[in-house]
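Colleague: Going by the numbering used here, the sequence shown opens with residue 142, and the numbers climb by one from there. We put the CB at the ideal spot given by N, CA and C, even for glycine. Just dropping this structure here.
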Amino acid sequence: MSHNRRTWLYSPFFIFSIVMIIKVYMSWQVIYDIGFSWKPLLTELPAIWAIFAIIELLASKRKLGIYLAVNLLLTGVYFAVIMYYKYFGIIVTYHALAQVGQVGEVKGSVFQLMHPSFLLIFTDIVAIGLALTFSKKARGWASVSAARFPRSAMASLLVVMLAVALVTVWQHKDVINEVRQTEEMGIVNYELYKVATSGKDDRTVAISEVTPEAIMKLKGNTPVPAGDKPADWAAAQGRNVIVIQMEAFQNFLLGLKVNGHEVTPNLNKLKDESVYFKHMFQMVGQGNTSDAEFMTNTSLYVPPIGAATDEYVDHAIPSLPKRFEKAGYLAATFHTNDVKFWNRDKLYSALGFNYYYDKEWYGTEDTIAFGSSDKILYEQAIKEIADINKSGQRVYANIISMSSHHPFNFLPDSVEKLQLPEQYEGSFAGNYIQSQHYADEAIGLLIDKLKEYGLWDNTMLVIYGDHMGLPVYSLNDTDRELLQSILGKPYSYTDMLNIPLIIAAPGALEPEVRMQTAGQVDIMPTIANLAGIPLDNEIYFGQDLMNHTSNLLPERYYLPSGSLINDKSIFVPGEQFKDGVVYPLPGDPAEAPYPAQSEFDRALKLLELSHTYAKSLPPAEGHVPSGAARTSNQTQNEGD
142 MSHNRRTWLY SPFFIFSIVM IIKVYMSWQV IYDIGFSWKP LLTELPAIWA
192 IFAIIELLAS KRKLGIYLAV NLLLTGVYFA VIMYYKYFGI IVTYHALAQV
242 GQVGEVKGSV FQLMHPSFLL IFTDIVAIGL ALTFSKKARG WASVSAARFP
292 RSAMASLLVV MLAVALVTVW QHKDVINEVR QTEEMGIVNY ELYKVATSGK
342 DDRTVAISEV TPEAIMKLKG NTPVPAGDKP ADWAAAQGRN VIVIQMEAFQ
392 NFLLGLKVNG HEVTPNLNKL KDESVYFKHM FQMVGQGNTS DAEFMTNTSL
442 YVPPIGAATD EYVDHAIPSL PKRFEKAGYL AATFHTNDVK FWNRDKLYSA
492 LGFNYYYDKE WYGTEDTIAF GSSDKILYEQ AIKEIADINK SGQRVYANII
542 SMSSHHPFNF LPDSVEKLQL PEQYEGSFAG NYIQSQHYAD EAIGLLIDKL
592 KEYGLWDNTM LVIYGDHMGL PVYSLNDTDR ELLQSILGKP YSYTDMLNIP
642 LIIAAPGALE PEVRMQTAGQ VDIMPTIANL AGIPLDNEIY FGQDLMNHTS
692 NLLPERYYLP SGSLINDKSI FVPGEQFKDG VVYPLPGDPA EAPYPAQSEF
742 DRALKLLELS HTYAKSLPPA EGHVPSGAAR TSNQTQNEGD
């Protein structure tokens, strides 16, 4: 073998090109499932070779070390894209670095999503590291790698590869669907493009455009005529309002039987006695559970990038807690995790809660997942609400459940579980069903405690799911088959995004099943109407579900940008609006009509108006005290 040929074959440029090609195909197989195609090479390799050419031109010493560092960086990018896609169904960008501190709390979820084959992407890094550590011959590679290619050749390669990468990016910069955009640009090109255009994600309009009339028109609704009382206005006025946000609870669980056993017997009974919205859909963003809390209390959409608890909590946000406080209520929120998780301490200040109750107050009794169990959560919260009522104050309470958290393997052996068929044991879907069965059992305890403390007939109880638990993108063949067997059809986006909404007000609301499309931004105006809290001329983006039946829900996360849910379907755009995909809503015909271009444009405009409004609000002030301090003061006062 000639010296020049040997130098080329052993060069880091050649070796790491082969390594990166393998990793490109591994990543694309997980995300796009395309088999063999030339597209990964045509889209990924130009950016990679441009980076390698820069190394060859600039690195005179320690060139091998720089290649190793770049290899590790690019491998980290591909691995992060794989893992993020398997849960969220979208392509991660550098913005997610803001949530790196949360990974320790949800490491169980990370491990559940991580198929052992994904770790093969790090094989070369481990192998090269071991070889360089223990083999003198391998360490000799550093001297071979120091050989330089002709600068003119590397400069020419850099110019050509940069030109190809830039043309590829430019041709697809207007693709709406980020997953399709990444496929057309290439993952490295896409990530660099998002860094270069970061400010463009923060589009706003003139604040003068944000009016109740404009929002109503974009949503396609007409206001209740002036002077007329809305339907069910103040039907539950004067009652406590208790809002239960159920962790990862999806609608298909209600009424579901497995092996002859009801998965959710308590919620089944409750929905038959309540107003039940069957076509309710999640609208959360990167903040997941905390985003659901935000939307429920503000009727604003989540931000275009990041979690609401990062992007909006420095602003004083009009909210349900503030409106209820004006009506003479005490507003409190209950959660058994640390209040600083997902910046909830800032969130609760921005929303204007009077007190928060977190792990400091609950302790660690009967721990499931990240804190005390749902049963402890409900038992202690209802007791506290009863004590506040004794002081003459009504309560607006948010109670955030957590025991059924992904990856759904937190239940101790002492918990009584459903008797599931053998094929469910140890499966992701089986663990999910068991966790939600426990969550339903805890709801039964909640209802019993409300009755025990004499609160049941003086309470409006609102229950909804915060977000999906079973991502379409991360299910294996066994889980898909199990879900299809219990649903009677393939598990799809409509099943994944569909969460329940149940509103119970004994003696005030007649039981009813409502089939209209609803989203989490609609909870706030619906509660306000039923509680007799006026929202006249205020800015909010949901609608009172007791008075409006047509709906338009723009989605930001779990579905690509431009996705929307209307009265008939879920729409996901392709490269543009015209080549999208339509998924019929549950129970609707197999083929739903394609949405109008105007509907698509209106959905995007609604998101812009909401972001503009949230960013225009004044700075948040004040600090929400812990319920532990309130309880301590109350005990001291009772002792005095």
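1. Starting from the N-terminal side, write out each stretch of the alpha helix (DSSP H) that is 4 residues or longer and does not extend beyond the segment 149–197.
2. Could you pull the start and end residues of the alpha helix (DSSP H) that Arg464 belongs to?
3. With Ala580 and Ser545 assumed to form a contact (beta carbons below 8 Å), what rounded beta-carbon distance in angstroms separates them?
4. Please state whether the Cβ-Cβ distance between Lys335 and Thr234 is less than 8 Å.
5. Taking all protein chains shown into account, decide if Ser739 is buried (16 or more other Cβ within 10 angstroms of its Cβ) or exposed.
6. Going by CA-CA distance only, name the one from Thr474, Trp190, Gly512 and Lys746 that's closest to Phe435.
7. For the beta strand (DSSP E) that Ile574 lies in, which residues bound it at each end?
8. Please give me, in chain order, every unbroken run of the beta strand (DSSP E) with length at least 3 that falls completely inside the segment 344–394.
9. Is the Cβ-Cβ distance between Lys746 and Leu359 less than 8 Å?
10. Based on DSSP bridge pairs, tell me the residues matched to Val416.
11. Helix, strand or coil: which one does DSSP assign to Gly768?
12. Just reading off the beta strand (DSSP E) that Asn539 is part of, what are its end residues?
13. Can you tell me whether Gln577 is buried or exposed? The criterion is at least 16 other CB atoms within 10 Å of its CB, across all chains shown.
14. Quick check on DSSP: helix, strand or coil for Leu333?
15. Helix, strand or coil for Val443 per DSSP?
16. Comparing alpha-carbon positions, which option in Glu325, Gly683, Gly648 and Phe229 lies nearest Ala659?
17. How would you call Thr600, buried or exposed, if buried means at least 16 neighbouring beta carbons within 10 angstroms?
18. Taking just the CA atoms, how far does Ile175 sit from Ala355?
19. Under a Cβ-count criterion, where at least 16 other Cβ atoms within 10 Å of its own Cβ denotes burial, should Asn407 be classed as buried or exposed?
20. Would you say the segment 661–668 touches the segment 422–437, given that touching needs at least three Cβ pairs under 8 Å?
21. Excluding the 5 residues flanking Thr635 on each side, which residues of the same chain have their C-beta closer than 8 Å to its C-beta?
22. May I have the straight-line CA-CA distance separating Thr352 from Pro759, to the nearest angstrom?
23. Could you tell me which residues DSSP pairs with Glu475 in its beta bridges?
24. Helix or strand or just coil, what does DSSP make of Asn639?
25. Going by CA-CA distance only, name the one from Phe154, Ala272, Tyr565 and Trp190 that's closest to Lys204.
26. What would DSSP say about Ile509, mapped onto helix, strand or coil?
27. Is the separation between the beta-carbon of Met421 and that of Leu705 shorter than 8 Å?
28. With burial defined as no fewer than 16 other Cβ atoms inside 10 Å of the residue's Cβ, what is the status of Val384: buried or exposed?
29. With H, G and I counted as helix, E and B as strand and the rest as coil, what does DSSP make of Gly206?
30. Per DSSP, what kind of secondary structure is Phe718 in: helix, strand or coil?
31. At the level of alpha carbons, what is the spacing between Leu559 and Val399?
32. With distances taken Cα to Cα, identify the nearest neighbour of Arg321 among Lys419, Ser532 and Val722.
33. Provide the residue(s) that pair with Met601 in DSSP beta bridges, ordered along the chain.
34. Can you tell me which of the three DSSP states Phe259 falls into?
35. For His456, which three-state DSSP category applies?
36. Report yes if the C-beta distance between Leu624 and Asn381 is below 8 Å; otherwise report no.
Modeller: Short version:
1. Complete alpha helix (DSSP H) runs here, min 4: 153–173.
2. Reading the sequence shown from its first residue, position 323 is the one you call residue 464. Leu461 to Lys467 is the extent of the alpha helix (DSSP H) around Arg464.
3. The count along the sequence shown starts at 1 and reaches residue 580 at position 439. The count along the sequence shown starts at 1 and reaches residue 545 at position 404. Indeed they touch by this definition, with Cβ atoms about 4 Å apart.
4. Within the sequence shown, numbered from 1, the residue matching residue 335 stands at position 194. Within the sequence shown, numbered from 1, the residue matching residue 234 stands at position 93. In this structure, Thr234 lies closer than 8 Å to Lys335 by Cβ.
5. Stepping through the sequence shown from its first residue, residue 739 is reached at position 598. Exposed.
6. Position 294 of the sequence shown, counted from the start, is the residue given in the question as residue 435. Comparing Cα positions, the closest option is Thr474.
7. As a first step, residue 574 must be located in the sequence shown, where it is residue number 433. Per DSSP, Ile574 belongs to no beta strand (DSSP E); it is in the alpha helix (DSSP H), Phe569 to Glu593.
8. 381–387
9. Sequence index remark: in the sequence shown, residue 746 carries index 605 (1-based). Sequence index remark: in the sequence shown, residue 359 carries index 218 (1-based). Cβ distance < 8 Å, so Lys746 and Leu359 count as in contact.
10. Position 275 of the sequence shown, counted from the first residue, corresponds to residue 416. Bridge partners of Val416 according to DSSP: Ile644 and Glu653.
11. As a first step, residue 768 is located in the sequence shown; it is residue number 627 there, counting from the start. Note: Gly768 maps to helix in three-state DSSP.
12. Here residue 539 refers to the residue found at position 398 when the sequence shown is read from its first residue. Looking at the DSSP string, the run of the beta strand (DSSP E) that includes Asn539 is Arg535 to Ile541.
13. Position 436 of the sequence shown, counting from 1, holds the residue named residue 577. Classification for Gln577: buried.
14. Your numbering for residue 333 matches position 192 in the sequence shown. Note: Leu333 maps to helix in three-state DSSP.
15. By 1-based counting over the sequence shown, the position of residue 443 is 302. DSSP places Val443 in coil when its eight states are reduced to three.
16. As a first step, residue 659 is located in the sequence shown; it is residue number 518 there, counting from the start. Residue Gly683 is the option with its Cα nearest to Ala659.
17. Counting from 1 along the sequence shown, the entry for residue 600 is found at position 459. Thr600 is buried by the Cβ-count criterion.
18. Residue 355 sits at position 214 when you count from the first residue of the sequence shown. Residue 175 sits at position 34 when you count from the first residue of the sequence shown. Cα to Cα, the separation comes out at about 43 Å.
19. In the sequence shown, residue 407 corresponds to position 266, counting from 1. Its Cβ being crowded by 16 or more others within 10 Å, Asn407 is buried.
20. Enough Cβ pairs lie closer than 8 Å, so yes.
21. By one-based count along the sequence shown, residue 635 stands at place 494. These residues qualify, in order along the chain: Ile711, Tyr724, Pro725, Leu726 and Pro727.
22. For this step, residue 352 is matched to residue 211 along the sequence shown. For this step, residue 759 is matched to residue 618 along the sequence shown. The alpha-carbon atoms of Thr352 and Pro759 are separated by roughly 17 Å.
23. Position 334 of the sequence shown, counted from the start, is the residue given in the question as residue 475. Going by the sequence as given, residue 475 is Phe instead of Glu. DSSP, once it has assigned bridges, lists Tyr498 and Ile540 as partnering Phe475.
24. Walking along the sequence shown from the start, residue 639 turns up at place 498. Three-state result, Asn639: strand.
25. Position 63 of the sequence shown holds residue 204. Comparing Cα positions, the closest option is Phe154.
26. What you label residue 509 is simply residue 368 of the sequence shown in a count that begins at 1. Ile509 falls in the strand class under three-state DSSP.
27. Mapped onto the sequence shown, residue 421 falls at position 280. Mapped onto the sequence shown, residue 705 falls at position 564. No, the pair does not count as a contact, with Cβ atoms beyond the cut-off.
28. By 1-based counting over the sequence shown, the position of residue 384 is 243. Val384 comes out buried.
29. Position 65 of the sequence shown holds residue 206. Looking at Gly206 - three-state DSSP - the assignment turns out to be helix.
30. The count along the sequence shown starts at 1 and reaches residue 718 at position 577. Residue state, collapsed to three classes: helix.
31. As a working mapping, residue 559 is identified with position 418 in the sequence shown. As a working mapping, residue 399 is identified with position 258 in the sequence shown. Rounded to whole angstroms, Leu559 and Val399 show a C-alpha spacing of 9 Å.
32. Within the sequence shown, residue 321 is the residue found at index 180, counting from 1. Scanning Lys419, Ser532 and Val722 for the CA closest to the CA of Arg321 turns up Val722.
33. Residue 601 sits at position 460 when you count from the first residue of the sequence shown. Paired residue(s): Val382.
34. As a working mapping, residue 259 is identified with position 118 in the sequence shown. Residue state, collapsed to three classes: helix.
35. Within the sequence shown, numbered from 1, the residue matching residue 456 stands at position 315. His456: strand per DSSP, three-state reduction.
36. Position 483 of the sequence shown holds residue 624. Position 240 of the sequence shown holds residue 381. Contact: no.
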